[in-house]
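Participant: Chains A and B supply the protein sequences, listed in that same order. Its first residue numbered 129, the first sequence is counted upward by one per residue in the working numbering. Its first residue numbered 6, the second sequence is counted upward by one per residue in the working numbering. Every residue, glycine too, gets a C-beta built ideally from N, C-alpha and C. Here the structure is a predicted model, which is why all the values come from computation and not from measurement. Provided herewith is a single structure, encoded as structure tokens, for subsequent inquiry.
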Amino acid sequence: AQSVTQLDSQVPVFEEAPVELRCNYSSSVSVYLFWYVQYPNQGLQLLLKYLSGSTLVESINGFEAEFNKSQTSFHLRKPSVHISDTAEYFCAVSKGSGNTPLVFGKGTRLSVIA
Amino acid sequence: GAVVSQHPSRVICKSGTSVKIECRSLDFQATTMFWYRQFPKQSLMLMATSNEGSKATYEQGVEKDKFLINHASLTLSTLTVTSAHPEDSSFYICSVAGGTVEQFFGPGTRLTVL
């Protein structure tokens, strides 16, 4: 069975500072990895995903994540955060096609301070 | 990606009544739909997986007679919370899948049982 660990439940950071949200997973099979963002009282929005190929994946709003198979990690980073990045971030893993449910981490609350 | 809607977005009901939540895939043939539940400040927990035209598969600990799921078409799935109690108050989120790795999430339904 797959599992996802997000070590940090809350991460406060000053505006324009860099941030890293950590995600580790465990699985005995190849997996697909995702980061979702959730704003208050809203559903989940896909931020970025790793399916295959380049281990560094990027989103359109400046976030990036790197798949590290040896460390079973998929940490999310952004070099300079904005107030609007304040949200809950979930790391998730899927072992197969889209017809396989996602397993989510507990989430990390990113709070950007002006 | 697919556009997924949920109705209602918020519902308040009295204890003992039943509530139906709809999940619609507006532009995507959803062969599989997932229902998740999210308690405050917690992660998403899978409740059940439903395939179009088949009975839903429930996760351990989720009562199938209490949470009735119907997936009658490729664009609609419903979750009915029967005889709702305050402990059923939660954020219910559906996602759709159709053979690709990625899942698409609805905006969620906030259920409050008084």
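Using a cut-off of 8 Å between C-beta atoms, extract the partners of PRO112 of chain B located in chain A.
Facilitator: GLN170, GLY171
Participant: Would you list the residues sitting across from GLN173 of chain A in a DSSP beta bridge?
Facilitator: A:VAL165
Participant: Going by the beta-carbon positions, is the gap between VAL185 of chain A and LEU172 of chain A smaller than 8 Å?
Facilitator: no
Participant: Given THR228 of chain A, which residues of its chain have a CB within under 7 Å of its CB, disregarding the five upstream and five downstream residues?
Facilitator: SER222
Participant: Does DSSP put SER30 of chain B in a helix, a strand or coil?
Facilitator: strand
Participant: My understanding is that LEU204 of chain A touches TRP163 of chain A, with C-beta atoms under 8 Å, so please give their C-beta distance in whole angstroms.
Facilitator: 5 Å
Participant: According to DSSP, is ILE188 of chain A helix, strand or coil?
Facilitator: coil
Participant: The region 189 to 201 of chain A: which residues have C-beta closer than 9 Å to a C-beta of chain B, in chain order?
Facilitator: Within the region 189 to 201 of chain A, no residue qualifies.
Participant: Leaving out the 5 sequence neighbours to the left and right, which residues in its chain are closer than 6 Å to ALA61 of chain B when beta-carbon positions are compared?
Facilitator: ALA53, SER55, ILE74
Participant: Note down the Cα distance separating VAL106 of chain B from ARG237 of chain A, rounded to an integer number of angstroms.
Facilitator: 26 Å
Participant: Tell me, please, whether the CB atom of ARG29 of chain B is closer than 8 Å to any CB atom in chain A?
Facilitator: no
Participant: DSSP three-state label for SER59 of chain B, please.
Facilitator: coil
Participant: When burial is assigned at 16 or more other CB atoms within 10 Å of the CB, is GLY181 of chain A buried or exposed?
Facilitator: exposed
Participant: Roughly how far, in whole angstroms, is the beta-carbon of SER20 of chain B from the beta-carbon of VAL86 of chain B, given that I think they are within contact range, below 8 Å?
Facilitator: About 11 Å separates the two Cβ atoms, so there is no contact after all.
Participant: Check distances from the C-beta atoms of the region 151 to 185 of chain A to those of chain B and list, in chain order, the residues that come in under 9 Å.
Facilitator: Those residues of the region 151 to 185 of chain A that come within reach of chain B (Cβ to Cβ, closer than 9 Å) are TYR160, PHE162, TYR164, GLN166, ASN169, GLN170, GLY171, LEU172, GLN173, LEU174, LYS177, LEU179.
Participant: What are the boundary residues of the beta strand (DSSP E) that includes ILE17 of chain B?
Facilitator: 15 to 18
Participant: Which residue comes first and which comes last in the beta strand (DSSP E) that contains ILE211 of chain A?
Facilitator: Per DSSP, ILE211 of chain A belongs to no beta strand (DSSP E) and is neither H nor E.
Participant: Where do the N-terminal and C-terminal ends of the beta strand (DSSP E) with PRO140 of chain A fall, by residue?
Facilitator: 138 to 142
Participant: Can you give me the C-alpha to C-alpha distance between PRO207 of chain A and ILE241 of chain A, rounded to a whole angstrom?
Facilitator: 15 Å
Participant: Which residues does DSSP list as the beta-bridge partners of ASP25 of chain B?
Facilitator: Before going on, a small fix: residue 25 of chain B reads as Lys here, not Asp. Note: LYS25 of chain B sits in a beta bridge opposite B:THR85.
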